[in-house]
Structures are given as structure tokens and as C-alpha cells.
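A quick write-up on the structure given underneath.
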């Protein structure tokens with residue numbers, strides 16, 4: 018049985034399985050429950066509010082996502098100009114000789 022609601026002191030709450038901010042991991046991480054009287058979410062084990070934890074969870078998630086995207090961009094779309102310096106030229110096809118071969122008479 019979860020702790021009483023810190024907002025309205027009601028004793029009934031239901032377990033939350035999914036949230037937009039935490040998917041399925043966030044609610045399990047914070048033992049998230051929803052009060053059946055006022056409808057607010059709180060930690061079912063400790064009976065504390067979860068607003069600060071939600072902000073921290075989403076901030077860390079966005080930072081990790083940004084680092085992952087930056088790593089992918091750096092790895093696959095990085096600057097490749099160092100591999101082919103500007104002074105290198107593309108190899109040209111060989112030219113045919115300009116002198117004429119003698120004809121058999």
C-alpha cells in the first residue's frame with residue numbers, strides 16, 4: 018500500500034505504468050503512483066512529491082540525447098577535408114602519343 022498523498026492526504030493511489038516524460042522507465046524509477054482523489058502523482062514508497070525528480074530526469078535525458086546526437090554527427094558527418102588536402106589533384110587519364118607511327122609502304 019502506498020504512502021498517503023502529500024497533496025490531499027488521501028490513502029488510495031494507483032500505480033502509474035507510463036508517462037510522456039519518462040516512458041516506462043521513469044515511473045518505475047521513482048515508484049510513481051497517482052492519487053485517486055486529487056489525481057496528482059507522487060512517490061508511492063516515500064510519499065514525497067516528484068516534481069524535482071521529474072525535472073532532473075528530463076534534463077539528464079535531454080543532455081544524454083544531445084551528446085549522443087553530437088557524437089553521431091561528429092562520427093558520420095564530420096569534416097573530411099583533412100583526408101584530401103586542397104593541393105592534391107585528381108589523377109588524369111593518360112594521353113595518347115602525339116607522334117605518328119611510320120606507315121608500311
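Residue numbers (this note's numbering): 18 to 122.
No residue lacks a Cβ here, since even glycine has one placed at the ideal position from N, Cα and C.
Residue 40 has 36 as its beta-bridge partners, per DSSP. Rounded to whole angstroms, residue 67 and residue 82 show a C-alpha spacing of 22 Å. Boundaries of the beta strand (DSSP E) around residue 59: 58-60. Taken through DSSP and simplified to helix, strand or coil, residue 77 comes out as helix.
Put simply, the backbone Cα of residue 52 is about 16 Å away from that of residue 45.
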